[in-house]
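When we follow UniProt numbering, the leftmost residue of the sequence shown carries the number 1, and every step to the right adds one. In what follows, a structure is listed as structure tokens, so that the remarks can point back to it.
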Amino acid sequence: MAATGNEAETLLADIKEEEEEEEAEEMEREMESGEEEAMGVENSEDEEDDDTSEDERENEAEIQRLEEQLSINAFDYNCHVDLIKLLRQEGKLYRLRKARQKMSELFPLTEEIWLDWLKDEIGLVEGDEAEREKIYELFEKAVTDYICPDIWLEYAQYSIGGMGAAGGIARVRTTFERALTAVGLHMTKGAALWEAFREFEIAILSTLQPPPGSVSSLEQQEQVNAQLERIHTLFRRQLAIPLMDMESTYTEYSDWTDEGVPETVTQHYKRALQQLESRRPYEEALLVSEPPKMAEYQSYIEYEIKDGDPARVQIIFERALGENCLVPDLWAKYTIYLDRQLKIKDLVLSCHERAVRNCPWTMGLWKSYLLALERHCAEHHIVSDVFEKALNAGFIQATDYVEIWQSYLDYLRRRVDFSKEGSRELEELRAAFTRALDYLKQDVEERFTESGDLSCTIMQIWARIEALHCKNMQKARELWDHIMTKGNAKYANMWLEYYNLERSYGDAAHCRKALHRAVQCTSDYPEHVCEVLLAFERVEGSLEDWDAAVQKTESKLNRVNEQRAKAAEKEALLVQHGDDRAEQRRKAKAEKKAQKKSQKTNRTGDKRKADDVGEDEWGEETERKRHRGEEDASEEQMETEDGLFGRRAPPQHKQETPAAAKNQQVAREVKKTAARMPDERNDSCSVFISNLAFNMEDPEGKLKAAFESCGTVVQVRPVFAAKGAFRGYCYVQFEDELGAREALKLDRQEVDGRPMFVSPCIDKSKNPDFKVFRYNTSMEKHKIFISGLPFNCTTEKLEELCKEHGAVKAVRLVTNRSGKPKGLAYVEFENEAQASQAVLKMDRTKLENHVLSVAISNPPTRKNEFMPVLGGAAPRQIQGTRGKGRTQVSLLPRSLHRQNIPQAKTENGTASRRQDGMSDGAQAENPGTKPLSNEDFAKMLLKK
């Protein structure tokens, strides 16, 4: 206590000195301001004041804007961070404290935010014990968000400043012990806490030792010995734990102790060194890798789990979550480990609570949280509160709400004692079932346009509970009537579920009634339902019942067979019409080709005829059309070759360049070579190259050099026009198939400033299902689509921008055929949750003054759509958003163009609506179609 009094006196003296210095500085400022006024510098001061006030007004306007935005969307994480930074910069302490409190209620705060908050609050404390207690409470909140060594160290050091109060030293020791329990095993940062604890105890020892020249009493000697034992114990505990730079700790202990290091301590130290060496590769991998270091942490976690030390498993999980707090799978793995291995209530429930705060959109974490609360016998109102929070968490699909309701209803069912009729728990269970059905019908359907429970699972569970536990078959039958009226009457499995329920808890009359209704309504597997009815009547029914069942099943099966025969006949008729149309097109194409060939032969003479024969032997034109999937030449090609309406356009006289002459000579040589060895073609060892520049010089030499790294190139066959102009595509044949497979990896590599397209050499007439397009055309929930990018945006810059929201697996910038960017990109994340977070946080943000639009990837379909034509003719093809029809004249009445179309399909953030086969081009003319607003997009994003 004497030492404490001296410290208080020293502290008061320091405070007085600081006050005197502040007064002196204030007097100097007043004197300087007076001198400046005397020297006539008032105008400059006014200008500085004007500049300062202008900045303050701008910052205040920005603060008000951020506060208004948070009033609209309180879950905007980035907006919270920006507001806190701006308020701290402006020194608005009261509003800053309020903003931090609001954010901490919604989100776990990062280490940086907590440390700034704690330092600001500590600076405002004037030494009052009540105010210090508020700081202690703030520290307690901070250490529960993340296991952070720096925060624990700050907590322990702050508690040292409060030793003057009663029990101050004991409180400091308790804080240090809690910190060591939490982060003392941290391989890289744990040593700092051990050293701080030892330094504190050594300082206490110096206050207990008697002054030089005096003799200590027996009581004082006992206190000194006890303090020395504390310090020895800290050294021994630390040396038994594998920590970085533990060799220097051992040396320090050897120098400090007068008795030498005990043998047992040395053995524990050597064992800890071995453990350190076994973990050093994992620590070094974390040190050299870049955030979020997910793969390195996963391997480290697996090693610790195999090692089997729960405390070390816990600390490595906490370290991984500190850098990957938005990864639901990592939280799920951690909570499962705690549930199955440690089973400590406070630790398990705290981890579950942190998991749902970090990843509230993940239904599985809420479900595990409810089970953990029930497993540890939490009070009913706590479980109910957690469930209500789960309903407001904002799941991304309708089925998540069905599952969370099922988990909560299971919990309520386990609370009911069914031996007591009319118990309060049973009434609460029935009320919860009713509320669940209303919630799915109203809230979920309004948000997702579907209930998520198509098979009415919750109703089925309720019906089974009423039948099994409550012996209330009347209520169970009412529920099944509701189930069948919701579109489930056509499914055989639903009727058989109902039949099994009646078979177990009902009577034969209701079983027979259910099976008769099933035979009448089932459309997917009527034969199976008929067999069950006949089997039932064999066991339960009379002769009249058997005859009725046979008559019922025969009439049903006859109707089904008639319907199937009509459907097969109709399908065969459609196939026949399609074959006839295809044959007609083939014949017309052959006649047209023969006519064009005869016209060319008459005009060009024998030499041209020989060239055409050479080109036909190679088959470049046919091969090019097969790769592009063309059945007819486009109108643009017809105009180029034969002029409009079949007349040849007048020739354009151009001066032949040396490159063109050289290409013409190369073309003749290629055709001569092809004529000499037509049997050497091998499509399995060849690749098709397209999108090359038409003015490319020496395409054969350049492509041969480009593909030399793939394997031995047998020949390169560029395709030339009649006048020697290069057509922009060619064939490259390798010695074996391995070279062709390696060449496919060079797809979209630039050659002469254009990306070349490399695809397999496939005869599409023999392989009609082959598709060269390599990207997915369906919804990809782990991938986002970004539009509005600046054209100078690179893959590296976009990847760096998206890394803040999750682990980026791939980035693809969309370019046109010349390789120039379109301002579009696809970014693939590891999972759906990261992609959803990226959409929520990146949409409508700016990049180099470009406003980005971000959506879940849902590319437009590339399949052809068909629409039946009146009169039974063959279906005509309707093009989608990827192309136009052969004619641009709309054959639909204008009144149909103006109809409102209720159904909409969202494709990469845009709405395209179709009805009755209407094309997208027709819909583009519809003045009633409006672009999606940001609110519509948010609703759309939450669908799955």
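Glycine included, every Cβ here is placed at the ideal spot set by N, Cα and C.
As assigned by DSSP and simplified to three states, the class of residue i
i	result
residue 863	Caution applies to residue 863, whose pLDDT of 47 falls short of 50 and renders its modelled position unreliable; the value that the coordinates give is listed next. Residue 863 falls in the coil class under three-state DSSP.
residue 491	coil
residue 616	Residue placement at residue 616 is poorly supported in this model, since its pLDDT is 40, which falls under 50; the coordinates are not used for a value here.
residue 807	coil
residue 726	strand
residue 38	Confidence at residue 38 is low in this model, with a pLDDT of 43, below 50, so its placement is unreliable and no value can be given for it.
residue 31	A caution first: residue 31 carries a pLDDT of 49, below 50, which makes its placement in the model unreliable, though a value can still be read off. Reduced to three states, the DSSP call for residue 31 is helix.
residue 847	strand
residue 782	strand
residue 600	helix
residue 755	strand
residue 699	helix
residue 336	helix
residue 364	helix
residue 293	coil
residue 516	helix
residue 483	helix
residue 67	helix
residue 243	coil
residue 548	helix
residue 475	helix
residue 133	helix
residue 75	coil
residue 264	helix
residue 327	coil
residue 259	coil
residue 270	helix
residue 797	helix
Closer than 9 Å to chain D by CB, residue i
i	result
residue 288	Included in the structure is just one protein chain, with no chain D present.
Inter-residue CB distance, residue i and residue j (contact presumed, cutoff 8 Å)
i	j	result
residue 699	residue 734	In fact, because the Cβ distance is near 17 Å, the residues do not count as touching under 8 Å.
residue 236	residue 215	Not quite, the Cβ-Cβ distance comes to about 30 Å (not below 8 Å), so this is no contact.
residue 825	residue 856	Not a contact, Cβ separation roughly 14 Å.
residue 684	residue 757	The pair is not a contact, with the Cβ atoms about 19 Å apart (cut-off 8 Å).
residue 55	residue 88	Contact flag wrong, Cβ pair sits at about 15 Å.
residue 105	residue 83	Not quite, the Cβ-Cβ distance comes to about 14 Å (not below 8 Å), so this is no contact.
residue 458	residue 397	That belief does not hold up - the Cβ atoms of residue 458 and residue 397 are roughly 16 Å apart, past 8 Å.
residue 155	residue 172	Residue 155 to residue 172, Cβ: 10 Å. No contact.
residue 1017	residue 492	Residue 1017 is absent from the model: the chain starts at 1 and stops at 944.
residue 239	residue 268	6 Å
residue 370	residue 356	So it is not a contact: roughly 10 Å between Cβ atoms.
residue 361	residue 836	7 Å
residue 193	residue 153	6 Å
Residues that DSSP places opposite residue i in a beta bridge
i	result
residue 715	733
residue 821	815
residue 787	824 and 853
residue 318	Per DSSP, none; premise fails for residue 318.
residue 686	733
residue 760	687
residue 750	755
residue 829	808
residue 720	726
Exercise. Counting Cβ pairs, one atom from each stretch, are 3 or more of them under 8 Å apart for the segment 111-122 and the segment 131-141?
Worked result: yes
For this session: Could you tell me which uninterrupted alpha helix (DSSP H) segments, each at least 4 residues in length, are contained entirely in the segment 382-469, listed from first to last along the chain?
Result: 398-415, 424-439, 445-448 and 457-468
Exercise. What residue ranges within the segment 78-123 form continuous alpha helix (DSSP H) runs of no fewer than 4 residues, ordered along the chain?
Worked result: 93-106
Exercise. When the Cβ atoms of the segment 68-76 are set against those of the segment 268-285, are three or more pairs found closer than 8 Å?
Worked result: no
Problem set entry | Three-pair Cβ contact test at 8 Å for the segment 182-189 versus the segment 206-214 | no
Problem set entry | Inside the segment 160-228 only - beta strand (DSSP E) runs reaching at least 3 residues | none
Problem set entry | Within the segment 567-596, ranges of the alpha helix (DSSP H) (whole runs, at least 4 residues) | none
For this session: Decide if the segment 489-505 is in contact with the segment 456-473; the criterion is three or more beta carbon pairs, one per stretch, under 8 Å apart.
Result: yes
Exercise. Is it true that the segment 416-426 meets the segment 435-451, where meeting means three or more beta-carbon pairs spaced less than 8 Å apart?
Worked result: no
Exercise. With a cut-off of 8 Å, do at least 3 Cβ pairs link the segment 782-801 to the segment 713-730?
Worked result: no
For this session: State whether the segment 308-321 contacts the segment 145-164, with contact taken as three or more CB pairs (one from each stretch) at a distance under 8 Å.
Result: yes
Exercise. Using 8 Å as the Cβ pair cut-off and three pairs as the minimum, do the segment 794-813 and the segment 329-341 touch?
Worked result: no
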